[in-house]
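Trainee: First the structure, then my questions, so here it is.
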Amino acid sequence: MTLPSYAVEAEILESKHVIPGVYQLTVAAKEIARTAQPGQFVQVLIERSFLLLRRPFGVADTDPNKGTLTMFYRLIGKGTRELSKLKAGETVNCLGPLGHGFDLDARQPLLIGGGMGLAPLILLARRFNGKAVVLMGGKNRPEVFWSELFRPLCTEVLVTTNDGSAGVKGFPTDLLPSLLEQGNHDRLFVCGPQIMMEKVSEIASRFSVPCQVSLERHMACGLGACLSCSIDTKSGKRKKVCKDGPVFWVEEVL
Amino acid sequence: MTTATNRLESTLAGIRMKTPVWTASGTFGFGEEFADFVDLAQLGAIVVKGTTLAPRRGNDGVRIAETPAGMLNSIGLENPGVDFFLADILPRITSYGMNLVVNISGSSAEEFGELAARLDVPGVAGIELNVSCPNVKDAGILFGTSATAVASVVRAAKDRTQKPVILKLSPNVTDIVPIAQAAENAGADALSLINTLTGMAIDIHTWRPVLGNITGGLSGPAVKPVALRLVWQTAKAVRIPVIGMGGIRTAEDAIEFFLAGASAVSVGTANFVDPTVTMKIIEGIDTYLEERGLRNIQELIGHLKT
Ligand SMILES: Cc1cc2nc3c(=O)[nH]c(=O)nc-3n(C[C@H](O)[C@H](O)[C@H](O)COP(=O)(O)OP(=O)(O)OC[C@H]3O[C@@H](n4cnc5c(N)ncnc54)[C@H](O)[C@@H]3O)c2cc1C
Ligand SMILES: Cc1cc2nc3c(=O)[nH]c(=O)nc-3n(C[C@H](O)[C@H](O)[C@H](O)COP(=O)(O)O)c2cc1C
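As structure tokens, this is what we get:
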């Protein structure tokens, strides 16, 4: 079943500079907030800018009662720079919720995220009602600011940093084998850099734990029409990241 | 949603249209992708993504790039092939009640003929011949830039189908008029233009092309003045109807194309920016006609004063 998508003028309620280069954006978009599922995304149009295309961002969190939608984004180029200049009270046009999110059928979920990949895992952790464990990686202490956001939502928050300035020095994949050896997890949910997802996928298959990954591709429409984001799948069938994904079962795509 | 008045009704190459607003091939999927946003039956026609005899996986690497007031694409005609379209997609989408024009591409006149024959089925309103896709090395562009090749492709299609045949013209030519006239003389029922302009973009940090395919097709507002000029030149030179496109995103843009001689307009890239845009364009054209006391869209078409 696919629920409808909406294109809404969304008032910015808060635009917060979380750490250097990373922003948290909360908008009023009640239609999207009501139905968005973890792993889905929105296409954001920055009107009155010189930019033509929308920019895709994961749904990080929603409050269906208040009708609010939260995203986190990193400054990358022109679009995210324009977005970061907008203030509360201004609007962006949000198209969503789009795509196919995570499968919520898990008893002991382990969420694994790196960098901005942690954003969609917030709503996922919330839907698991406290039973998820999150394993996160970042460059350094500021880059794992996420741990505070996950703490109230998870049974356990495990942190790694490349430089050891917070949590364990190293990568999430360094901790993963020992976690899976204990046999405590029946599902992995991964979003982060390609290399991280590949390593997790390898480890997951070694321990035969089903695993879902969220992919990123350049896209124009987000609706399955332009075919910018087509990928090959193991079965040989072409799929669209925007419509069939962004979340896929790992054996299908990696 | 919009309820178009009969001011906007017309017939083009035998296709009866509620409005003269179409959607361009490759930018609107099979229509169903936009069902949440658009009353598909209000559109003059939707033109399906370029379809080939065998399935095509398209080009590798990054396939789109945003450029000033436009975008480049190098999709490379990814499509599931004509048999899959006929068996799996067509039956599913006919319920929307839209006019479906199928855009086809082949690597020889015979292939175009074969595709036209296979698509001569109920539920298909017309065939658009894409002889001008800039993203495919083996097909397309060679036909699109030669008047004799265009004529042979049109004849091959006309011989094998009862459906109206629309020839889509490439803007990447020195003189479009002889090619348009060759298509008309070969029996094309209508012309559509423009396809994308060949372009490229370079990443100065990596010194690499942005697109996996190196070059791609430019579309969007940036191409509108060029498209308008080509539509004007073409419409003057032929008697068959012209479907104008290239950078249209507002009713005002569309009205410019009607004045330049287009009998219908097609909206492409703008659908990516605002999926509801075609409905706004229809409403805007209707309001424009009403405010000026014009009874029908025909009173605009080709009425440019020079
Ligand atoms: C489904 C999905 C969800 C995403 N979720 C998030 C998120 O929650 N937080 C976040 O920070 N980023 C996310 N991204 C990446 C984000 O879309 C890009 O960082 C952003 O589009 C960059 O835009 P820009 O104009 O600043 O960069 P520019 O480099 O100037 O962009 C140029 C063009 O390339 C596209 N582009 C550049 N990088 C990417 C990329 N990695 N993926 C897709 N398109 C790209 C842009 O959309 C634009 O069309 C997501 C991407 C996808 C596909
Ligand atoms: C992503 C994309 C895919 C396209 N695919 C096709 C195609 O398969 N066949 C075709 O004839 N034209 C194709 N086109 C060209 C459009 O149909 C249209 O001619 C062109 O984009 C100009 O209109 P616009 O500026 O409104 O987009 C494509 C354009 C885009 C942007």
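In order, the protein sequences belong to chains A and B. Residue 0 is where the first sequence starts when you use numbering that gives the first Met the number 0, and the numbers rise one by one after that. Residue 0 is where the second sequence starts when you use numbering that gives the first Met the number 0, and the numbers rise one by one after that. Just so it is clear, CB atoms sit at the ideal spot from N, CA and C, and this is done for glycine as well. On a predicted model such as this, the values are computed, not experimentally measured, just so you know.
1. When you compare the CB of A:C220 with every CB in chain B, is at least one pair closer than 7 Å?
2. Per DSSP, what kind of secondary structure is A:R140 in: helix, strand or coil?
3. Identify every run of the beta strand (DSSP E) within the segment 161 to 238 of chain B, keeping only runs that are complete inside it and at least 3 residues long; order them along the chain.
4. With A:T25 as the anchor, note down where its beta strand (DSSP E) starts and where it stops.
5. Tell me the DSSP bridge mates of B:E65?
6. Does A:A224 come within less than 7 Å of chain B when only Cβ atoms are used?
7. In the DSSP assignment, find the alpha helix (DSSP H) that holds B:Y287 and state where it starts and stops.
8. Compute the Euclidean distance between the alpha carbons of B:I193 and A:L120, then round it to the nearest angstrom.
9. Please list, in chain order, all residues of the same chain as A:K233 whose beta carbon is under 8 Å from its beta carbon, the five residues on each side excluded.
10. Please identify the residue among B:I63, B:L229, B:G80, B:P79 whose C-alpha is closest to the C-alpha of B:S73.
11. Tell me the DSSP bridge mates of B:M16?
12. Which chain B residues sit within Cβ distance under 8 Å of A:R106?
13. Can you determine whether any heavy atom of ligand 2 sits closer than 6 Å to the C-beta of A:S229, and answer yes or no?
14. Got a sec: which bits of the segment 24 to 42 of chain B sit with their beta carbon under 8 Å from any beta carbon on chain A, in order along the chain?
15. Less than 7 Å between CB atoms is the rule here; does A:P55 satisfy it with respect to chain B?
16. Just to be sure I understand the criterion: a residue counts if its Cβ is closer than 6 Å to at least one heavy atom of ligand 1. Which residues meet that?
17. Could you tell me whether any Cβ in chain B is nearer than 7 Å to the Cβ of A:P3?
18. Check whether the segment 97 to 108 of chain A touches the segment 182 to 194 of chain A, taking contact to mean three or more Cβ pairs, one atom from each stretch, closer than 8 Å.
19. Within 7 Å of any Cβ in chain A, is that where the Cβ of B:V61 sits?
20. Per DSSP, what are the beta-bridge partners of A:E10 in this structure?
21. So with CB distances below 8 Å, who are the chain A contacts of B:T300?
22. By the DSSP assignment, the alpha helix (DSSP H) with A:Q193 in it spans what residues?
23. Less than 6 Å separating the Cβ of A:K138 from some heavy atom of ligand 2?
24. Looking only at its own chain, which residues have a Cβ that is under 8 Å from the Cβ of B:L190, when we skip the five neighbours before and after it?
25. Along the chain, where does the beta strand (DSSP E) containing A:V249 start, and where does it finish?
26. Tell me which same chain residues have a C-beta within less than 7 Å of the C-beta of A:K29, skipping the five on either side of it?
27. Can you give the Cα-Cα distance for B:T51 and B:N102, rounded to whole angstroms?
28. Is B:K167 a contact residue of ligand 2, with contact defined as CB to any heavy atom under 6 Å?
29. Taking only heavy atoms of ligand 2 into account, decide whether any of them is closer than 6 Å to the Cβ of B:I74.
30. When you compare the CB positions of B:F27 and A:A59, do they come within less than 7 Å of one another, or not?
31. A:A165 by DSSP, collapsed to three states: which one?
32. Closer than 7 Å by C-beta to B:R56: which residues in its own chain qualify, once you throw out the five before and the five after it? Chain order, please.
33. Please tell me whether B:P274 has its Cβ less than 7 Å away from any Cβ of chain A.
34. Compare the C-beta of B:E251 with all C-beta atoms of chain A and state if any pair is closer than 7 Å.
35. Taking DSSP as the reference, what is the three-state secondary structure of A:Q39?
36. From what residue to what residue does the alpha helix (DSSP H) around A:E147 run?
Mentor: A quick look at the data gives this:
1. A:C220 counts as touching chain B.
2. Under the three-state reduction of DSSP output, A:R140 falls in the coil class, being neither helix nor strand.
3. The segment 161 to 238 of chain B is shown to contain whole beta strand (DSSP E) runs of 3 or more residues at 164 to 167, 189 to 192, 196 to 199, 214 to 218, in chain order.
4. Here the beta strand (DSSP E) through A:T25 covers 21 to 27.
5. Partner(s): B:M70.
6. Yes, A:A224 counts as interfacial toward chain B.
7. DSSP places B:Y287 inside the alpha helix (DSSP H), whose first and last residues are 276 to 290.
8. Between the C-alpha atoms of B:I193 and A:L120 there is a straight-line separation of about 44 Å.
9. Answer for A:K233: E250, E251, V252, listed in chain order.
10. Nearest to B:S73 by C-alpha distance, out of B:I63, B:L229, B:G80, B:P79, is B:I63.
11. According to the DSSP secondary-structure assignment, B:M16 is paired through a beta bridge with B:S9.
12. Within 8 Å Cβ-Cβ: nothing; A:R106 doesn't reach chain B, min ~34 Å.
13. Not one heavy atom of ligand 2 is found less than 6 Å from the C-beta of A:S229.
14. Residues passing the 8 Å Cβ filter: G25, T26, F27, G28, E32, F33, D35, F36.
15. Not an interface residue.
16. The set, ordered by position in the chain, is A:F40, A:L52, A:R54, A:P55, A:F56, A:G57, A:M70, A:F71, A:Y72, A:R73, A:I75, A:G76, A:K77, A:G78, A:T79, A:M115, A:A118, A:E215, A:R216, A:H217, A:M218, A:P245, B:E65.
17. Chain B contact via Cβ: present.
18. Short answer: they touch.
19. For B:V61, the answer is yes, since a Cβ of chain A falls inside 7 Å of its Cβ.
20. Beta-bridge pairing links A:E10 to A:A27, A:T90.
21. As written in the sequence, residue 300 of chain B is Ile, which differs from the Thr given in the question. Near B:I300 there are no residues of chain A at all, since even the closest Cβ is about 28 Å away, more than 8 Å.
22. For A:Q193, the uninterrupted alpha helix (DSSP H) segment begins and ends at 193 to 205.
23. Distances taken from the Cβ of A:K138 to the heavy atoms of ligand 2 include none shorter than 6 Å.
24. So the list reads I165, L166, K167, L168, A179, A182, E183, T233, V237, I239, P240, V241, I242, once near-sequence residues are dropped.
25. Premise fails: A:V249 lies in the alpha helix (DSSP H), 249 to 252, not in any beta strand (DSSP E).
26. Non-local beta-carbon contacts of A:K29 in its own chain, meaning distances under 7 Å to residues more than five positions away in sequence, involve G66 in chain order.
27. Distance between the alpha carbons of B:T51 and B:N102 is about 9 Å.
28. Within 6 Å of the C-beta of B:K167 there is at least one heavy atom belonging to ligand 2.
29. Answer for B:I74: yes, Cβ within range of ligand 2.
30. Contact: no.
31. Note: A:A165 maps to coil in three-state DSSP.
32. When the five nearest sequence neighbours on each side are left out, the beta carbons in the same chain lying within less than 7 Å of the beta carbon of B:R56 are those of E77, in order along the chain.
33. Taking Cβ atoms only, chain A reaches closer than 7 Å to B:P274, which makes this a yes.
34. For B:E251, the closest Cβ of chain A is not nearer than 7 Å.
35. It is coil, neither helix nor strand.
36. Where A:E147 is concerned, the enclosing alpha helix (DSSP H) stretches over 145 to 149.
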